[in-house]
Structure formats: C-alpha cells, structure tokens
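Numbering (UniProt numbering), first residue to last: 1 to 252.
From the three backbone atoms N, C-alpha and C, an ideal C-beta is built for every residue, glycine too.
Structure (structure tokens):
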C-alpha cells in the first residue's frame, strides 16, 4: 500500500536514500518511512508559512525554531537535576566484585537452571567462604578460573542491570537473590566498595544545562510534530508512535 502525504506519494528513490540511516533500528523500513512522512509534513507547513530556505534542513529548522521554541534551562533547574541525580556526577567510585554465571542458551531449560542456581545461592548464603570454590566449579564465565573475580569495576564497565546491583551492595555483601541480565543468571558479591566523590556543581552546570535544554527541545518538537501530523492527510501508515528526531536521520 503506497504512503501518501497531503496528496503526494512517497517515492522509492527517497526511501532508498533514507533507509541506510535507520539500519540499526528494530524496523528500519518503518523508521525510514516515518522519517520521510514527518519530513514532508514539516516541509509542507514551512511552505504554507512562507519560510523560504536554501535547503530542506534550514526550512525545517526555521519552522521548529519559530513554532516549537524550547526554554533554556536556568541555574535553578540545573541544581535540581544535580541534586536529584547525584550518581551521574560521581567520579572515582569503584567496586571489586565476584560472580557466578549460569549462562542462558537457546536450548536450556530456564526453570531448571533457575532452580539449580537458587540451590547454589542458598548454599553460599549459608557458607560464603566457598564462593571462589563454587565459582570454579559452576560458573560459565571465564572469570571462573580466578574464583569468579571480575576485578575492579567502574560505572559503565558492565551492562546496566549488573551495574545497578553491584553498586548498590556494601563491601562484603552477597546479593540474596539471583540477578538476571542479558547474559544469564548471576550470583553476585562485592568484596570492596570504594566510594567516589561528586563533581562540584560548577564543573557540570553547563553539561546539565545542555542536556536539559535538549530534552526540552525534543519534547517541544515531538508535541508540535504530533499536532501537524494530526492535521495532515496521511494515508498508508499509522504514525501514532512517530518520533520527530527521525526527521533528521535519527539525530536531532
């Protein structure tokens, strides 16, 4: 079914140029078509308002600047963000962690694996001194060779779900339940937690202001684009979940 925007059908040449920009998306074709539709809607509105420009990006930029301006983050807003998200501005925080990995593979019976892992965890909660021995016997990670030791970890060194768990544990802490990540099921302990320190607000104020302003801008663009799409005659695709940043090939 062809996609038609305000009476104009999207052409194959435009789609071929747009598609590579969305190769990493879950559904590249849908993302590419969505981007072209949103772009067409914005260009039509820019033309309706008489916004002449040398190129399409400039025309869209002028339209969004005029019709969807976003307020700049002030110092008070930046301070609130800084105080509400202290972990984002910590430096020097480290943990020394060990784990036992029960890897989940396509042919594994997850219920049986979880049951076995829970038995091993219960035994270690009774006698944590056997952690290294059990890791050598049970873990599916190369770290098994060194008793499950992952060494020192900083923020960003592991997948987010693992990071949240280990950085929440105190020194000597053994997580009392299994941790599930994209890699499998883990028994986790932290042998040492080195506290970091927060960067002074003055060192990160500009960074915070840029991030908040970007979020505000994206929200304003999303709301405005949704309004324009609601007014447009779009056939052949449902744009209920359309994201305006896709107009610029995936980056606003």
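Contact check, residue 184 vs residue 125, beta carbons under 8 Å = Position 184 of the chain shown, counted from the first residue, corresponds to residue 184. Position 125 of the chain shown, counted from the first residue, corresponds to residue 125. For residue 184 and residue 125, no; Cβs fall outside 8 Å.
task = Report the three-state DSSP secondary structure of residue 1 (helix, strand or coil).
result = In the chain shown, residue 1 corresponds to position 1, counting from 1. Residue 1: coil per DSSP, three-state reduction.
key: Own chain, CB closer than 8 Å to residue 44, minus 5 neighbours either side, in chain order   = Numbered from its first residue, the chain shown carries residue 44 at position 44. Closer than 8 Å at Cβ, skipping near neighbours: 5, 6, 232.
task = With a 10 Å radius around its C-beta and 16 neighbouring C-beta atoms as the bar for buried, classify residue 151 as buried or exposed.
result = On the chain shown, residue 151 is found 151 positions in, with the first residue counted as 1. It counts as exposed.
message = Please tell me whether residue 36 and residue 14 are closer than 8 Å, where the distance is taken between their beta carbons.
response = Counting from one through the chain shown, the residue named residue 36 turns up at place 36. Counting from one through the chain shown, the residue named residue 14 turns up at place 14. Using a Cβ distance threshold of 8 Å, residue 36 and residue 14 count as a contacting pair.
query = When burial is assigned at 16 or more other CB atoms within 10 Å of the CB, is residue 130 buried or exposed?
reply = As a position in the chain shown, residue 130 is number 130, starting the count at 1. Residue 130 is exposed by the Cβ-count criterion.
message = Here's the rule I'm using: 16 or more other beta-carbon atoms within 10 Å means buried, otherwise exposed. How should residue 16 be labelled?
response = Locating residue 16 in the chain shown gives position 16, where the first residue counts as 1. When all chains shown are included, residue 16 counts as exposed.
query = Start and end of the alpha helix (DSSP H) containing residue 121?
reply = As a first step, residue 121 is located in the chain shown; it is residue number 121 there, counting from the start. Where residue 121 is concerned, the enclosing alpha helix (DSSP H) stretches over 110-126.
task = To the nearest angstrom, report how far apart residue 249 and residue 98 are at their CA atoms.
result = If you number the chain shown from 1, residue 249 lands on position 249. If you number the chain shown from 1, residue 98 lands on position 98. With a pLDDT of 40 at residue 249, under the threshold of 50, the predicted position of this residue should be treated as unreliable, though the coordinate-derived value follows. Answer to the nearest angstrom: the Cα atoms are 42 Å apart.
request  = Specify whether the region 198-214 and the region 70-81 touch according to this definition: at least 3 beta carbon pairs, one from each stretch, less than 8 Å apart.
outcome  = yes
message = Let's see if you can read the secondary structure: which residues bound the alpha helix (DSSP H) around residue 46?
response = In the chain shown, residue 46 corresponds to position 46, counting from 1. Unbroken alpha helix (DSSP H) run through residue 46: 28-48.
query = Around the Cβ of residue 227, are there at least 16 other Cβ atoms within 10 angstroms (buried) or fewer (exposed)?
reply = One-based indexing of the chain shown puts residue 227 at position 227. Exposed is the call here.
Continuous alpha helix (DSSP H) assignments of at least 4 residues falling wholly in the region 61-108 = 75-84
ask   = How is the beta strand (DSSP E) around residue 184 delimited, first residue to last?
value = Locating residue 184 in the chain shown gives position 184, where the first residue counts as 1. Counting along the chain, the unbroken beta strand (DSSP E) around residue 184 starts and ends at 184-194.
ask   = Taking the continuous beta strand (DSSP E) assigned at residue 151, which residues delimit it?
value = Mapped onto the chain shown, residue 151 falls at position 151. Where residue 151 is concerned, the enclosing beta strand (DSSP E) stretches over 149-154.
request  = Please list, in chain order, all residues of the same chain as residue 24 whose beta carbon is under 6 Å from its beta carbon, the five residues on each side excluded.
outcome  = Numbered from its first residue, the chain shown carries residue 24 at position 24. If we look at residue 24 and ignore the five residues flanking it on each side, it has no Cβ neighbours.
query = Mapping DSSP to helix, strand and coil, what is residue 234?
reply = Residue 234 sits at position 234 when you count from the first residue of the chain shown. It is a strand residue.
ask   = Which residue comes first and which comes last in the alpha helix (DSSP H) that contains residue 138?
value = Indexing the chain shown from 1 puts residue 138 at position 138. Looking at the DSSP string, the run of the alpha helix (DSSP H) that includes residue 138 is 131-138.
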